[in-house]
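Note that UniProt numbering gives residue 195 to position 195 of the sequence shown, counting from 1, and the numbers run on in steps of one. Quick reminder that beta carbons are idealized off the backbone N, C-alpha and C, glycines included. What follows is a set of notes on a single structure, which appears directly below.
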Amino acid sequence: MFQVKRHETLYSRTSRYLDLHCLVFEMLDRSLFHQMVQRECMPLSLSEIRPLTHQLLVTLEALKSIGIIHTDIKLDNIMLVNHKDQPFKIKLIDFGLALPVSQVKVGMYMQNLKYRAPEVTLGLPLSEAVDMWGVGCIMTSLYFGTSLFPWDCAYNWIKTMVYKMFLLNLTESNPLSRLSLSLSLSPALSLCLSSFDLEL
Numbered sequence: 001m002f003q004v005k006r007h008e009t010l011y012s013r014t015s016r017y018l019d020l021h022c023l024v025f026e027m028l029d030r031s032l033f034h035q036m037v038q039r040e041c042m043p044l045s046l047s048e049i050r051p052l053t054h055q056l057l058v059t060l061e062a063l064k065s066i067g068i069i070h071t072d073i074k075l076d077n078i079m080l081v082n083h084k085d086q087p088f089k090i091k092l093i094d095f096g097l098a099l100p101v102s103q104v105k106v107g108m109y110m111q112n113l114k115y116r117a118p119e120v121t122l123g124l125p126l127s128e129a130v131d132m133w134g135v136g137c138i139m140t141s142l143y144f145g146t147s148l149f150p151w152d153c154a155y156n157w158i159k160t161m162v163y164k165m166f167l168l169n170l171t172e173s174n175p176l177s178r179l180s181l182s183l184s185l186s187p188a189l190s191l192c193l194s195s196f197d198l199e200l
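Take a look at the structure:
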C-alpha cells in the first residue's frame with residue numbers, strides 16, 4: 001500500500017473487520033462524471049475549471065513526490081467533496097491501478113481510451129506524463145462538455161488525434177512554428193487524412 005502524508009485531495013486508511021483488510025474512505029458527494037450527467041453535459045466555465053485543475057495538479061505533485069503514477073485519471077475518479085457547501089472541492093479516488101514509477105514498463109496497458117496518453121497506445125516509454133495527459137483530457141471534457149477523442153477503438157482515437165494535431169499545427173499563431181506546405185503534403189499524413197470522416 002502507498003503511504004501519502006495527509007493531503008487535502010487524497011485520503012484513505014485501512015481497517016480490519018472479521019480478519020479482512022478494508023479501505024476506509026470519507027463520505028464524498030458525487031463524481032465529476034455524475035456532475036456532468038446531471039448538468040446534461042453543459043460545459044463548465046473557466047472559473048469553475050481552474051480550481052478543479054489546480055487541485056488535480058497539486059494532487060499529482062504529491063503523488064510524484066512519492067514516485068506514484070495514478071494511471072486512471074478520469075471524470076469517474078474525481079469526486080466532489082460536498083458540492084453544496086464547498087463547490088468544486090475535489091478528491092482523487094480509485095488507486096487500484098496506481099503504480100510506482102519504477103514498476104512501469106513499456107507496453108503496459110493502462111488508462112481508459114478516452115483519457116489515454118499517446119505513449120501508452122504507441123508503446124513508448126511511460127512516465128508521470130500519462131497522468132498529465134489525463135488532466136488535459138479532463139479539462140477539455142469539462143470545457144466542451146464532451147470528450148476530445150472518440151473511445152470506440154484505438155484506431156479511431158489515433159485518426160482523430162492526427163487530424164486535430166494537423167489542424168492545431170496549421171493554425172499555429174507563430175508563423176515559424178506553423179506546419180510547412182511540404183510536411184502537410186507528406187504521403188503518410190495525406191493517407192491518414194484521406195480516410196478521415198469527422199463531423200466538426
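- Beta-carbon proximity list for P51, same chain, < 7 Å, skipping 5 on both sides: Correct list, in chain order: F88.
- Item | C-beta atoms of P100 and G134 nearer than 8 Å | no
- What's the gap between the Cα of E172 and the Cα of M79? 35 Å
- Quick one, are the C-beta atoms of Y143 and L56 less than 8 Å apart? no
- Query: By the 10 Å Cβ neighbour count, where 16 or more other Cβ atoms means buried, how is P125 classified, buried or exposed?
  - Reply: exposed
- Sub-8 Å separation of N169 and L181 beta-carbons: no
- Message: Since M139 and I49 should fall inside the 8 Å C-beta cutoff, what is the C-beta to C-beta distance between them, to a whole number of angstroms?
- Response: Between the beta-carbon of M139 and that of I49 there is about 6 Å, and that keeps the pair under the 8 Å contact cut.
- Pair within 8 Å by beta-carbon distance, A117 and A98: In this structure, A98 does not lie closer than 8 Å to A117 by Cβ.
- Query: If you draw a straight line from the C-alpha of E26 to the C-alpha of Y109, how long is it?
  - Reply: 30 Å
- Task: For the alpha helix (DSSP H) containing V120, list its first residue and its last residue.
- Result: 118 to 121
- Task: Please state if the CB of K105 and the CB of W151 are separated by a distance shorter than 8 Å.
- Result: No, these two residues do not count as a Cβ contact at 8 Å.
- Message: Would L60 and D131 qualify as a contact pair, given that the criterion is a beta-carbon distance under 8 Å?
- Response: yes
- Message: Less than 8 Å between the beta carbons of N77 and L92, yes or no?
- Response: yes
- Cβ-based burial, C153 [other Cβ within 10 Å; buried from 16]: It counts as exposed.
- Message: Among the candidates L148, S177, P175, N174, whose CA atom is the shortest distance from the CA of Y163?
- Response: L148
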